[in-house]
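Novice: Every position in the sequence shown, counted from 1, becomes a number in the working numbering once 2 is added. Questions regarding the structure given below will be posed in turn.
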Amino acid sequence: MYQIKEIFKKLIHKENLTINQSSEIFEKIINKNIDPIQISSILTFLFLKGESFEEIIGAVNVLKKKAKKINLNNDLIDTCGTGGDNKGSFNFSTATAILLSACGVKVAKHGNRSITSKSGSSDVLSSLGININLEEKD
Numbered sequence: 003m004y005q006i007k008e009i010f011k012k013l014i015h016k017e018n019l020t021i022n023q024s025s026e027i028f029e030k031i032i033n034k035n036i037d038p039i040q041i042s043s044i045l046t047f048l049f050l051k052g053e054s055f056e057e058i059i060g061a062v063n064v065l066k067k068k069a070k071k072i073n074l075n076n077d078l079i080d081t082c083g084t085g086g087d088n089k090g091s092f093n094f095s096t097a098t099a100i101l102l103s104a105c106g107v108k109v110a111k112h113g114n115r116s117i118t119s120k121s122g123s124s125d126v127l128s129s130l131g132i133n134i135n136l137e138e139k140d
């Protein structure tokens, strides 16, 4: 178990975290076992340093473990984009989802509100009157 001070020290010196360190810190973040100010600091340090492959893998491992599993009997695709590229690019993933759906393809679109662009998937779909807050049974 890593001490939060050790994590801060590494990040302040722009040193990469190991997969285990990243997993542990993101586990604490997801479980709300860390102060919001510390979360903000950690995420800022990671952004300023630039996230390493190991840090991303550690975070992804925790997110996959914590993700809600949905059992679907249908053939579906997802067109989720990456977002957050700070380039103000067009929201291709949502437009693609709408086009595919119009062609009869079943699309399970997921996404979020806009952070760095004019419109995230949730913004676009909500503005079109689409209910984006569905439960598994829906």
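Even for Gly, the Cβ is constructed at its ideal location relative to N, Cα and C.
Would you say Lys-30 and Ile-36 are within 8 Å of each other, going by their C-beta atoms?
Specialist: yes
Novice: Hey, out of Lys-66, Val-126 and Asn-73, whose CA is closest to Thr-99's CA?
Specialist: The question names Thr, but residue 99 in the sequence shown is Ala. Ala-99 has its Cα closest to that of Val-126, out of Lys-66, Val-126 and Asn-73.
Novice: Tell me the DSSP secondary structure of Val-107 in three-state form.
Specialist: coil
Novice: What did DSSP end up calling Ile-36 once you bin it into helix, strand or coil?
Specialist: coil
Novice: At which residues does the alpha helix (DSSP H) containing Phe-10 begin and terminate?
Specialist: Counting along the chain, Phe-10 sits inside the alpha helix (DSSP H) bounded by residues 6-14.
Novice: Identify the continuous alpha helix (DSSP H) that holds Ser-123 and give its terminal residues.
Specialist: 123-129
Novice: Please report how far the alpha carbon of Ser-103 lies from the alpha carbon of Gly-122, in whole angstroms.
Specialist: 18 Å
Novice: Looking only at DSSP bridge pairs, what is Ile-79 linked to?
Specialist: Val-109
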